[in-house]
Structures are given as C-alpha cells and as structure tokens.
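Report on one structure; see the data block that follows.
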Amino acid sequence: MSTETPPSDTTANASAPLGGSSTAAILSYIPVIGFIIALILHNGQKTELGTYHLRQSLGLHLTAFVLFFGATIFFMIVGIIPLVNIVFGAIAMVYFPLLSLGSVVFFILGLISAAQGQQKPLPLVGGKYQSWFANSFA
Numbered sequence: 001m002s003t004e005t006p007p008s009d010t011t012a013n014a015s016a017p018l019g020g021s022s023t024a025a026i027l028s029y030i031p032v033i034g035f036i037i038a039l040i041l042h043n044g045q046k047t048e049l050g051t052y053h054l055r056q057s058l059g060l061h062l063t064a065f066v067l068f069f070g071a072t073i074f075f076m077i078v079g080i081i082p083l084v085n086i087v088f089g090a091i092a093m094v095y096f097p098l099l100s101l102g103s104v105v106f107f108i109l110g111l112i113s114a115a116q117g118q119q120k121p122l123p124l125v126g127g128k129y130q131s132w133f134a135n136s137f138a
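Per our numbering, the sequence shown starts with residue 1, numbered consecutively.
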C-alpha cells in the first residue's frame with residue numbers, strides 16, 4: 001500500500017469564480033437596475049470577483065453616460081448654428097449608433113468575463129477603472 005498522495009488537479013478550479021459567487025458580478029453589467037441589485041447583493045456577501053466587476057461596471061456606466069450626455073449637449077449647441085447643423089447632424093447620425101454599439105459590446109465583454117468567473121479588464125479602459133475606483137466596493 002502506497003502512502004503517496006495523488007497530484008492535485010489544478011485545472012478543476014481554473015474556471016471556478018474567484019472569491020465565491022459570481023451573481024453580483026454578472027448583475028453589475030445590467031444597466032442601472034442590475035447594478036443597484038448587484039450593489040445590494042455585494043454588500044450582503046462581499047467577494048473579490050464582485051468587487052472587481054462592480055468597479056469595471058461603474059467605470060463603464062459612467063463613461064457611457066458622460067459620452068452620451070456630452071455629445072447630446074454638444075450636438076444641441078452646434079445644431080442651432082445655420083449650415084453647420086447639417087454637417088454635425090450627419091455626424092450625430094453616425095456617432096450615436098456607433099457609441100451605442102460600442103457600449104453594448106463592452107457590457108457584453110464584461111458580462112462574459114463575470115460569468116466565467118474571470119477578473120479580466122475591459123479592453124482599453126479596464127485597467128484605468130481598477131485604478132480610479134480602487135477604494136470602491138471593498
């Protein structure tokens with residue numbers, strides 16, 4: 001009879017969520033109401049994964065809001081200038097759908113990362129969100 005212990009399977013835990021349940025992390029990517037529910041769930045059971053994705057999602061929500069709100073104000077102001085409003089009206093017709101599509105893509109990327117239990121930052125901005133909101137949701 002051998003007393004050797006079998007090697008542990010490190011791949012079994014590779015896809016397991018870090019720090020526990022991923023519910024709050026997943027819900028955080030549902031705009032507004034999902035984020036609020038995720039905050040409530042996270043306050044009840046804080047997890048490393050939940051904290052990470054709440055930061056990513058907060059940054060994404062704020063970025064989308066600022067870009068939409070800022071562009072709306074800009075295009076409203078430019079829209080009252082004769083002749084220029086035609087050009088900027090055409091630009092706005094392209095800008096807003098592209099911004100909407102980009103926002104949806106980023107939310108889906110974050111949602112996939114949360115569902116897989118990974119702490120993968122969003123492309124281009126995820127690292128910044130983690131540093132900007134480092135003290136949030138801890």
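Ideal Cβ positions, reconstructed from N, Cα and C, are used throughout, including at glycine.
Closest to residue i by CA distance: which of the options is it?
i: proline 31; options: Lys120, Lys46, Ser22 and Leu58; result: Leu58
i: leucine 67; options: Gln130, Leu101 and Ser131; result: Leu101
i: phenylalanine 35; options: Met93, Ile86 and Arg55; result: Arg55
i: alanine 25; options: Pro82, Met93, Val94 and Ala115; result: Ala115
i: threonine 72; options: Phe96, Tyr129, Ile33 and Gln130; result: Phe96
i: valine 104; options: Lys46, Gln45 and Phe65; result: Phe65
Does the Cβ-Cβ distance between residue i and residue j come in under 9 Å?
i: valine 125; j: phenylalanine 106; result: yes
i: threonine 63; j: leucine 41; result: no
i: serine 143; j: leucine 122; result: The requested residue 143 is not part of the displayed model; the chain covers only 1 to 138.
i: glycine 50; j: phenylalanine 137; result: yes
i: serine 28; j: glycine 117; result: no
i: histidine 53; j: alanine 38; result: yes
i: glycine 79; j: glycine 70; result: no
i: phenylalanine 75; j: isoleucine 91; result: yes
i: glutamate 48; j: glutamine 130; result: no
Hey, could you find the ends of the alpha helix (DSSP H) residue i is sitting in?
i: glycine 124; result: For the sequence presented, residue 124 should be read as leucine rather than glycine. Unbroken run through leucine 124: none, as it is neither H nor E.
i: alanine 71; result: 48 to 78
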